[in-house]
Structures are given as structure tokens and as C-alpha cells.
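When we follow my numbering, the leftmost residue of the sequence shown carries the number 2, and every step to the right adds one.
To keep things clear, I will list the structure first and then write my remarks on it.
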Amino acid sequence: MKNNNLFAALRAAFPKNLDAAAVETDSGLVYSWCDLERATAMMANLLESLHLPAGARVAVQVEKSVEAMVLYLATLRAGYVFLPLNTAYQSSEIEYFVSNAEPAVVVCSSKNFGWVSKIAFKAGTQNVFTLDDDRTGSLLERAAHCSDQHMVAVKQADDLAAILYTSGTTGRSKGAMLSHGNMLSNALVLKDYWGWQPGDVLIHALPIFHVHGLFVALHGALINGSKMIWLSRFDPALVLEKLPEATVFMGVPTLYVRLLAEPGLDRHAVRNMRLFVAGSAPLLIETFTDWQARTGHTILERYGMSETAMLTSNPYEPSQGGERRGGTVGFALPGVDLRVHGEDDKPLATGEIGGIQVKGPNIFKGYWRMPEKTAEEFTSDGYFKTGDIGKIDDRGYITIVGRSKDLIISGGYNVYPAEIEGYINDLPGVAESALVGVPHPDFGEVGVAVVVAKAGATLDAGAILGALKSQLANFKIPKQCFVVEELPRNIMGKVQKNLLRNQHKAFFA
Ligand code: MLC
Ligand code: AMP
């Protein structure tokens, strides 16, 4: 029987010479392909020794490290389901994910062990390990006693490989269930479409708890047997220093904005580079053109989401249909069926603006334990409604013009106004609030909170932000807060967020 385990495909792409360097870190450590093979085998054996039920979730909130990447690969290898969590999440956020996903294993930093283990044990998790970014922690201690020989678990293409929490179009965070087949099909399409070559070297500078860093970048390098220069965090000066050793770089637009602020970024610095990919948020046309002027390279912008992995891409080569066009996200990828529909769910003519809907082997299996929500997000003929608004021109280029979902994308991270407003409204003295996204030169877009006090109460904007900081991940904290008399409403009583956005749009300009 064919093994559709994603890890089996990634493993099969390791180069013949397993002693060659697979990963080089910013602290100077080098891991060979053989090291990855052995370390994933040992960790997979550890997971298997826990006698977890089929489909068990392994929830992970740890700092970026090669060992954290090994844990992801080992989870695939052993056939369990990986659940990555942003390191910025605080206790109430982690409590929600853990109680919702009911993981059998939780792995956290040792500094968080106290509160994370409490949450995990309360949710019924039997195994809580620590893993730190200095190659220590109980997970590695235990794995060190396990065999380095391991048979990759046999999986069907539809078997779950990962759950990524996202708020999708509305409401509370939902776990998007991605299968081995979803991710492998996407990795293979991108390998081909982006012309991955022998000798490619990827600078991996993104976090590994979201689609961009965990799937697009990591799978991209592994399925091509390519070496990675592994940066524990994005540091523009360090990226610049490493560019001459690399050929491929991937980043959210903020990374390109920050690299452009480096005086040393020029044609010479990128002399060995083959490809710069951007995505996860809109790339401003100025960033696109400034990059071209400074480096001679044209950034390839692509579009995707947690529920779907990658959906569209600008062409790598003109033979794929044209040039890379700034302001567009390119063409639907091979195998992706993408259409634009109107409010009444009717297909639209070329150039008309509507909701982007997609179908293909990369589209997720549904939201974890939310069949009704899943059904709502698909059309009767099986297309997933992305919540993004766009248009397709006569050459097939897709442009995203907005979102029907109330979502702010800040530096590539998603912020859901409804969630933040809920926290603000719970603060003493608050009658109501609205969070809107406004342009920001570094993060692209940031949240601004507009808050109304209860009759007789006095509110302090700084104190509101301070209170939020103790409860929410740092990237969700509004960058500015205004206390006002009332929120603008339309005749239906709905808050007119467009007016607030307009009022504050120049605040960070
Ligand atoms: C950090 N801060 C942010 C922020 N990141 N605020 C808003 N948006 C963000 N993205 C906060 C910090 O907590 C700090 O607050 C202040 O802003 C300044 O932080 P910083 O030091 O400048 O931030 P830094 O640590 O350098 O991080 C910035 C960043 C990071 C851009 C490197 O945000 C990042 O790695 N973004 C990439 C996200 C990503 O991978 N997205 C992919 C999603 S996948 P304070 O108060 O503490 O000073 C997806 C699908 C797809 O969307 O298509 O790919
Ligand atoms: P997430 O659910 O966190 O994966 O975020 C996915 C969302 O990011 C998409 O639905 C889009 O709104 C947005 N996105 C991703 N790539 C791009 C892009 N290149 N341009 C504009 N928006 C993007």
C-alpha cells in the first residue's frame, strides 16, 4: 500500500549524501540530513511510546528552533496531528485552544511550564513536555533514550496532519484541519511552479506556527532537499549578511519593508539570489517597485490562507503566462479552481469584483468539531468561500481588493476585531468599542480602538491598552486607543467602521 504520509515524501527528497548540511542556524550549528533523519526518528519513537490514540493532537507553543521543527516532522512521521501555537499567546488564549483541541501531548517552553501544564492537565492532557531553544527540555531528554530507527507511520491522503487555528470569516477561532494530501499536493505544485533547483538555499526567517513559515517555506526547502539558513527570529541586518549564501527568501511584506530600510541592500547583496516571495498580507506597490529599483529583483507575490495553503501565485517565468505584476497575486495555481462570485452567489464577468471561492486538493477538510460552521463556509457545489474580495482580469491575474471578513492583518498576523472588542467591552466602565484597521508604514495595517464609556464612568486610553496587554498576545494590542462620546451608526444601528477607518487613516502615515 502506498504511504501518503507527508513526511515520507519529504524524507524521500533528502539528498543522497545524508552527511551534507541540511540546516545551518544563526548560532553557527549545522545539522546534516542524517541528523534530521535520526532526530525525527527518535522523537517519533518517543511519541509512539506514549501509546496515544489514533489522531491524537500534539499542541506546541515553543520558541523557534531546529528541535521545534524536528518535533513537527516527528509528529507527521509518527502519524499524529500537529497543532502549532503562536508564542505570543497568553493563558486565556491557550486555554481556549487546548480545551477545544483536547491534545494528548502539550509541549511548551520551560518558563511557561507552570501555567501551561495547569491548563493542559485541566483539559485532560496526559503528557506535558518542555522544549527550549537552547536544545534543552524534558522532550529532548526523553527522546535521547529512544531508538534512531523508525518506520514512518502509514497514512492515507485524507488523514489529518495538522490543525491550524484561525477565525476564518466570523466568530471564535476555529481549527482548520489539514490533511497529509492537502499539504503534499501544495508542496509539489509550488516546487514545480517556483522552479526549485538543486543547489537552492532558503533563508528561513519566519515563525513556524503559521502556514507561511511552517508549510510554504519549510516544505518548500525539504521537498527539494535544499539547505536552510535557519534564523530564530527576523533580523534584517542578519538576513542581509546571509543573502550572499542563499538563493530563496520568503517573507511577509513587513520583512521587505524592514529590509529596504537597510542601507546595505543593493544589487551586490542579492547577487546569488534566485527568488524573493511575499505573501500573507497585501504587498504595497511602493514596496514592490522600491525592491525592484534597489535589487533588480521582482518580488513574486502569492496568496493563500490557513484553510487552503497556497491558492495563487505570480508567475516564476514568463512562460507561465506573463510577468510578475505588483498589486496582483498572480494566477490560480495548477489544480486550484478559483472563481469570483457576487452577493447572490452568481458567477461574475471578467474584471467584476466579488467573493473569491476555491476548490482543489489543497482545500482543508473542515473546521475541527464544527460541522455546521464548515458547511456554512462551503457553497452547495463544493467551493470554499475565502472571505476575500477580488477580481480576475482577462489574462487571469487575480487582484485582492478587500475582505468581507472583519479582519486586520498586521505584520502578517491576523487580528480579529470581534475578539479584541470582546476583551475591551469586559473592562470596567466600558459601554462599547470598535476596533478598526488603519494603514501603518511598518506593519501594513494596525488596529486602532475606539471606546465609549458607560454613563458616569471615566476611561483612560493608556489604562485600557495596559489591561489588554496582560491578557492578549502582543500583536493583537491596538496601537492606539481613543475614548469618544459615541460610535457612528447607520440607520440600522450598525457601527459604521468605514467612517472610523477613514477618520484615523492618516494617524500613522
Ligand atoms: C510584533 N508586534 C506587532 C507585530 N509583531 N504588532 C502588530 N503586528 C505584528 N505583526 C508588536 C510587538 O509585540 C511590540 O510591542 C511592537 O509590536 C514592536 O515589535 P517589533 O519588535 O517591531 O516586532 P518583531 O518582534 O520584530 O516582529 C515583527 C515581525 C513579526 C514582522 C518580524 O510580527 C513576524 O514575524 N511576522 C510574520 C508573521 C507570519 O509569519 N505570518 C504568516 C501567517 S500565514 P511591544 O508593546 O511589546 O513593544 C498566512 C497565510 C499565508 O497568513 O498566506 O501565508
Ligand atoms: P490566515 O487565515 O492567517 O492564513 O490568513 C489568510 C488571509 O491572509 C487571506 O484570507 C487573505 O486575506 C490574506 N492574504 C494572504 N496572502 C495575501 C496576499 N498576498 N495579499 C493580500 N492578502 C493576503
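For each residue, glycine too, the CB sits at the ideal point set by N, CA and C.
All figures in this text were calculated on a predicted structure; none of them were measured in a lab.
Assignment of beta-bridge partners to S168 by DSSP yields no partner. If you draw a straight line from the Cα of E353 to the Cα of N5, it comes to about 40 angstroms. Closest in C-alpha terms to I364, from the list V337, R234, G343, I357, comes V337.
Spatial neighbours of K175 in its own chain (CB-CB distance under 8 angstroms, excluding positions within 5 residues in sequence) are listed in chain order as Y166, T167, S168, G169, Y368, W369, M371, K374.
Around the beta-carbon of F122, fewer than 16 other beta-carbon atoms lie within 10 Å, marking it exposed. Annotation: V108 to D133 spans about 10 angstroms, alpha carbon to alpha carbon.
In this structure, K506 sits near V439, with a CB-CB distance shorter than 8 angstroms. Between the ligand AMP and E246, a heavy atom-to-CB distance of less than 7 angstroms is absent.
The closest heavy atom of the ligand AMP lies less than 7 angstroms from the beta carbon of V330. Annotated as distal: L436 and A458, with beta-carbon spacing of 8 angstroms or more. In the DSSP assignment, L239 falls outside any beta strand (DSSP E) and within the unbroken alpha helix (DSSP H) covering 237-243. Positions of the beta strand (DSSP E) runs, each at least 3 residues long and wholly inside the stretch 245-319, are given as 249-252, 276-279, 301-306, 310-314 in order along the chain. Non-local C-beta neighbours of E96 in its own chain, meaning closer than 7 angstroms and more than five positions away in sequence, comprise I120, ordered along the chain.
Taking a 10 Å sphere around the C-beta of K3, we find fewer than 16 other C-beta atoms and assign the residue as exposed. Listed in chain order, the non-local C-beta contacts of E446 below 8 angstroms within the same chain comprise A282, I409, I410, S411, G438, V439, P440, local neighbours out to five positions each way being set aside.
Remark: the shortest separation between the CB of N87 and any heavy atom of the ligand AMP does not fall under 7 angstroms.
One alpha carbon belongs to D36, the other to D201, and they sit about 20 angstroms apart. Annotated three-state conformation of R340 is strand, per DSSP.
When C-alpha distances from G356 are compared across E324, I390, S381, the shortest belongs to I390. Here V31 is exposed, its C-beta having fewer than 16 other C-beta atoms within 10 Å.
Pairing L203 with M184 gives a Cβ-Cβ distance that is not under 8 angstroms. Beta-bridge annotation (DSSP): W231 is paired with T26, H205.
As summarised for the stretch 320-369, the continuous beta strand (DSSP E) elements at least 3 residues long and confined to that stretch are 338-342, 355-360, given in chain order. When F476, W292, L141, K347 are compared, the shortest CA-CA separation from M43 is found for L141.
At least one heavy atom of the ligand AMP falls within 7 angstroms of the beta-carbon of I401.
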